[in-house]
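Take any residue in the sequence shown, count from 1 to its spot, add 117: that is its number in this note's numbering.
Built from N, CA and C at the ideal position, the CB exists for glycine as well.
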Amino acid sequence: MNVENTQSQMRKGILEYCILGILNNGEAYPSEILEKLRQAQILVVEGTVYPLLTRLKNLELLAYRWEESTSGPPRKYYCITPKGTQFFTDLSKTWQELQQAVSSLTQN
Numbered sequence: 118m119n120v121e122n123t124q125s126q127m128r129k130g131i132l133e134y135c136i137l138g139i140l141n142n143g144e145a146y147p148s149e150i151l152e153k154l155r156q157a158q159i160l161v162v163e164g165t166v167y168p169l170l171t172r173l174k175n176l177e178l179l180a181y182r183w184e185e186s187t188s189g190p191p192r193k194y195y196c197i198t199p200k201g202t203q204f205f206t207d208l209s210k211t212w213q214e215l216q217q218a219v220s221s222l223t224q225n
């Protein structure tokens, strides 16, 4: 069994929750989101994040605004919506329950 594949699947499973958590702390553009994920050692590529941001926006969990940039093209800043905040709160409860359950099963 390939451990890297399993690790990748585990990361993908929590990516939506992590992005909502980042945006729950304030708006950000995709490069900032990717950097925060990298700093937390959740390694993902742009090709994974951009479609997820679009999907979360289509579900009305995120919104965005355009801002002109002095160093290139305009930037799309994402923020969490009230619906997204509630969804994040619900996921946080689920995460806590799941974390406790997994810990109880995997600790000696």
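Asked, Found
"Nearest-angstrom Cα separation, counted from Lys-153 out to Leu-198", "It is worth fixing the name first, because residue 198 is Thr in this sequence and not Leu. Cα to Cα, Thr-198 sits roughly 20 Å from Lys-153."
"Neighbourhood of Leu-173 by C-beta, 6 Å cutoff - its chain only, sequence neighbours within 5 removed", "Leu-179"
"Exposure label - Leu-215; buried when at least 16 CB within 10 Å", "exposed"
"Sequence-distant residues of the same chain with beta carbon closer than 8 Å to Ser-186, five excluded per side", "Arg-192"
"Three-state class that DSSP yields for Gly-143 in the structure shown", "coil"
"Nearest to Tyr-194 (by Cα), restricted to the options Glu-177, Ile-136, Ala-145 and Arg-155", "Ala-145"
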